[in-house]
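The working numbering applies: residue 14 is where the sequence shown begins, and numbers increase by one. Each residue gets a CB set at the ideal place from its N, CA and C atoms; glycine is no exception. Nothing here was measured: the structure is a model prediction, and the numbers come from that model. Structure first, then comments.
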Amino acid sequence: IKESLYSKSFINNSSAGFEKWKRRILDGYNPEIVAKVTGIDKATIESLARDFARSAKPLAICGRGQGRAPGSLKEFMAVHALNALVGNINKKGGVWSLPEPDYIGWPELKMDSVASTGMQRGRIDGAGSKKYVHARYLLSRLPEIFNSTDGSPVEVLFVSESNPCYTMPDVSSVKKAFEKIPLVVSFSSYMDETAQMADFILPNHIYLERYEDVPAASGFQKPIIGLSKPVVDPQFNTKHTGDVIIQLAKSMGGFIADAFSWDNYETCLKETLGEKWDELAENGYWVDSAYEAPGWKGGFETASGKFEFTSAEINSLSRYTPVKPQGDEAAFPLVLVPYDSMRLAAGFIGDPPFVIKTVEDTVLKVKDVFVEINPATAGKLGLSEGRYAKLTTPKGSAKVKVHLFDGIMPGIVAMPSGLGHTAYDKFLAGKGININQLTGPVEDTSTGHDAAWGIRAKLVKA
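This is the structure we're talking about:
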């Protein structure tokens, strides 16, 4: 910005609020200030900025790990401001601002008085409320909300394609919340941690046995929908989750039964996808070939129709404050962060037996998990390669082994995600530690989403 290396064409014609934003950045986020905050040398910051601005196709990307978790809104805004500065939005090689695919043709519904009353209530997690107006869901807030009341805010919980009792941070708090719910129904195809806590398990077909529509992730230039088709008949006494919901609705009668008029899930899928179904069934995907992605003009869903560096809505958001990890720095001088491995499934489905055998012995050895630390950090703590240590955070402690790694920043402890299962089978359960037992959520003040990237920790000889 200081050296005017930005795209003047984009800034002058397709942006709003740049001059006000420019003054704020130069005054509050110049290289000298940012160097003190990040620990990165001022000259390095300036060199990276010049290289980025002069690159043929500069691109800034935000997010962490596999992109499953939200981050800080202000962090994402800063990253996309970089793309705006070089004019690399809504064009080939850049980021695309596209609307979500609206491809399902649901019939118009009639509601009874109970449904109407329920729809007028706010969400339990607060998403969409005055405080969290930009959020559509805030699942990370639910354990605290459930555990802060004597009873349960819900009577029944259906869990499909997820394993919150393993994947959510502060697992003990999540399990405590589950224990308060009168009726929990799991549709898991596996005996996972959440299924273990369910009152009923109604196993879904696995993905090779069922139809499923698959909307493409963000980033494509055109709306794309995929179709997962069964390649084998169901091998066990399972039922598609959609069929369970349809049958349940029909048994209730009235407006609810009328809203689910289909005989089964496959029929529902065909009718709601309409004319797209034939192409999906034949090719396995559908592309809206007629869709023309907007360029700079009209490509932004803002009041001005332009990329807004500042606006009344943006200014109303809380001022940027770093998302600090939980814990007192004096008691917990290190920071524990998770990392992903190609050999470890960290989502709602665990590793199959033969994959867990391929995990390196510097990550998992027999049943012991290794944490990565810098040799300089290990030297200060009196730890060496392969030695047992006790890792403690504000959420709990665990016995781990030490792996020295020069590529990790001093003061950081890294633990792999995807281990520490207490469910599934003898090949996966009891191996390593689930890092979510040791971490907790940190709320982004602008959105309410969990923006935690780590938690304060200490590591001592075991």
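Backbone CA spacing between residue i and residue j [nearest angstrom]
{"i": "Thr162", "j": "Glu288", "result": "48 Å"}
{"i": "Phe320", "j": "Asn103", "result": "11 Å"}
{"i": "Ser397", "j": "Val167", "result": "49 Å"}
{"i": "Glu16", "j": "Lys55", "result": "15 Å"}
{"i": "Asp256", "j": "Tyr278", "result": "5 Å"}
{"i": "Thr315", "j": "Met428", "result": "41 Å"}
{"i": "Arg63", "j": "Asp226", "result": "44 Å"}
{"i": "Thr460", "j": "Ala190", "result": "23 Å"}
{"i": "Leu451", "j": "Pro71", "result": "37 Å"}
{"i": "Ala343", "j": "Ser173", "result": "41 Å"}
{"i": "Ser202", "j": "Ile448", "result": "24 Å"}
{"i": "Asp457", "j": "Lys337", "result": "10 Å"}
{"i": "Gly141", "j": "Ser129", "result": "18 Å"}
{"i": "Phe268", "j": "Glu121", "result": "12 Å"}
{"i": "Phe440", "j": "Pro366", "result": "5 Å"}
{"i": "Asp276", "j": "Arg469", "result": "53 Å"}
{"i": "Gly107", "j": "Asn101", "result": "5 Å"}
{"i": "Leu98", "j": "Asp246", "result": "53 Å"}
{"i": "Leu39", "j": "Phe273", "result": "57 Å"}
{"i": "Glu284", "j": "Ser354", "result": "40 Å"}
{"i": "Tyr352", "j": "Pro388", "result": "18 Å"}
{"i": "Gly164", "j": "Tyr220", "result": "36 Å"}
{"i": "Arg400", "j": "Ala411", "result": "14 Å"}
{"i": "Ala262", "j": "Asp271", "result": "8 Å"}
{"i": "Gly80", "j": "Lys235", "result": "20 Å"}
{"i": "Gly318", "j": "Pro44", "result": "31 Å"}
{"i": "Gly395", "j": "Gly420", "result": "19 Å"}
{"i": "Ile3", "j": "Gly139", "result": "Nothing about residue 3 can be reported from this structure: the residues present for the chain run from 14 to 475 only."}
{"i": "Ser126", "j": "Tyr150", "result": "25 Å"}
{"i": "Ile386", "j": "Asp301", "result": "48 Å"}
{"i": "Pro423", "j": "Leu152", "result": "33 Å"}
Buried or exposed (CB count within 10 angstroms, at least 16 for buried), residue i
{"i": "Ala211", "result": "buried"}
{"i": "Met132", "result": "exposed"}
{"i": "Arg134", "result": "exposed"}
{"i": "Gln339", "result": "buried"}
{"i": "Glu32", "result": "exposed"}
{"i": "Thr390", "result": "buried"}
{"i": "Asn96", "result": "buried"}
{"i": "Ala303", "result": "exposed"}
{"i": "Arg37", "result": "exposed"}
{"i": "Arg67", "result": "exposed"}
{"i": "Thr207", "result": "buried"}
{"i": "Gly84", "result": "buried"}
{"i": "Val384", "result": "buried"}
{"i": "Pro177", "result": "buried"}
{"i": "Ile74", "result": "exposed"}
{"i": "Thr334", "result": "exposed"}
{"i": "Gly311", "result": "exposed"}
{"i": "Asp364", "result": "buried"}
Reference residue i, options the options, closest by Cα
{"i": "Ala475", "options": "Gly424, Ala402 and Val99", "result": "Ala402"}
{"i": "Ala4", "options": "Pro112, Pro195 and Ser22", "result": "In this structure the chain extends from 14 to 475, so residue 4 is not present and cannot be described."}
{"i": "Ile237", "options": "Thr254, Pro177, Ala306 and Gly360", "result": "Ala306"}
{"i": "Ala94", "options": "Thr130, Phe23, Asn160 and Ser60", "result": "Phe23"}
{"i": "Pro182", "options": "Leu18, Gln248 and Gly453", "result": "Gly453"}
{"i": "Val473", "options": "Arg356, Tyr437 and Val426", "result": "Val426"}
{"i": "Gly409", "options": "Leu377, Arg37, Val184 and Ser199", "result": "Val184"}
{"i": "Arg223", "options": "Phe249, Gly84, Ile137 and Val382", "result": "Phe249"}
{"i": "Thr435", "options": "Gly395, Lys188, Leu196 and Lys310", "result": "Lys188"}
{"i": "Lys252", "options": "Gly318, Pro177, Leu377 and His218", "result": "His218"}
{"i": "Asp381", "options": "Leu404, Val348 and Leu155", "result": "Leu404"}
{"i": "Tyr437", "options": "Lys393, Ile362 and Leu377", "result": "Ile362"}
{"i": "Trp309", "options": "Ser110, Pro216 and Asp246", "result": "Ser110"}
{"i": "Gly467", "options": "Val379, Leu394, Leu377 and Val350", "result": "Val350"}
{"i": "Lys471", "options": "Gly420, Met422 and Pro407", "result": "Pro407"}
{"i": "Phe200", "options": "Pro228, Leu170 and Glu192", "result": "Leu170"}
{"i": "Lys393", "options": "Leu347, Pro228 and Ile194", "result": "Leu347"}
{"i": "Gly78", "options": "Ala358, His462, Gly266 and Val376", "result": "Ala358"}
According to DSSP, residues forming a beta bridge with residue i
{"i": "Pro228", "result": "Ile238"}
{"i": "Gly409", "result": "Thr406"}
{"i": "Tyr352", "result": "Pro429"}
{"i": "Asp463", "result": "Glu456"}
{"i": "Tyr298", "result": "Gly239"}
{"i": "Ser199", "result": "Val172 and Ile214"}
{"i": "Leu417", "result": "Ile386"}
Discussion item. Using 8 Å as the cut-off, can you tell me whether the stretch 407-422 makes contact with the stretch 140-147, which would need three or more C-beta pairs spanning the two stretches below that distance?
Written reply: no
Worksheet item: Is the number of C-beta pairs between the stretch 280-297 and the stretch 229-244 that are closer than 8 Å three or more?
Response: yes
Fill in: Touch test, the stretch 114-124 against the stretch 421-435, Cβ-Cβ under 8 Å, three pairs minimum
no
Worksheet item: So, do the stretch 365-374 and the stretch 436-446 have three or more beta carbon pairs nearer to each other than 8 Å?
Response: Short answer: they touch.
Worksheet item: Using 8 Å as the threshold, is the stretch 45-52 in touch with the stretch 23-30, meaning 3 or more CB pairs across them?
Response: no
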